[in-house]
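*Asks:* Structure provided below as structure tokens; questions to follow.
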Amino acid sequence: MPIYCEQETNDHVWGRTLELADRHHLTFYDATYLELALRLSLPLATLDDDQRQAAQQEGVPLLGKYSTLDS
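Just so we're aligned, residue 9 is where the sequence shown starts under the working numbering, counting upward by one.
Here's what the structure looks like:
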């Protein structure tokens, strides 16, 4: 898969990303991926239980072993 540097993430760090981290008790690192998936309407690939639960609560589809796309 190609690597892409998403430039708008910096614009959301102290707003939406921090809000997601607080709401779901996520690390800032994990909340950044959740915010990106939400903003770009993309599924999230993670095996982290807290991040999976937060994604499901936010309506973000999951990829991989615990995929919500397969449901």
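The C-beta atom is built at its ideal place from N, Cα and C for all residues, glycine as well. Quick caveat: nothing in here was measured; it's all calculated off a predicted structure.
By a C-beta neighbour count over all protein chains shown, 10 Å radius and 16 as the cutoff for buried, is Tyr41 buried or exposed?
*Replies:* The residue is buried, with at least 16 neighbouring Cβ atoms inside 10 Å.
*Asks:* Pull up the CB-CB distance for Arg31 and Glu43, whole angstroms please, since I reckon it's below 8 Å.
*Replies:* Not confirmed; about 11 Å, so no contact.
*Asks:* With DSSP collapsed to three states, give me the class of Leu44.
*Replies:* Note: Leu44 maps to helix in three-state DSSP.
*Asks:* Use the C-beta contact count for Asp38: other C-beta atoms within 10 angstroms, 16 or more gives buried, fewer gives exposed.
*Replies:* Label assigned to Asp38: buried.
*Asks:* I think Leu52 touches Leu70, with their Cβ atoms under 8 Å apart; what is that distance to the nearest whole Å?
*Replies:* Sure, about 6 Å apart at Cβ, within 8 Å.
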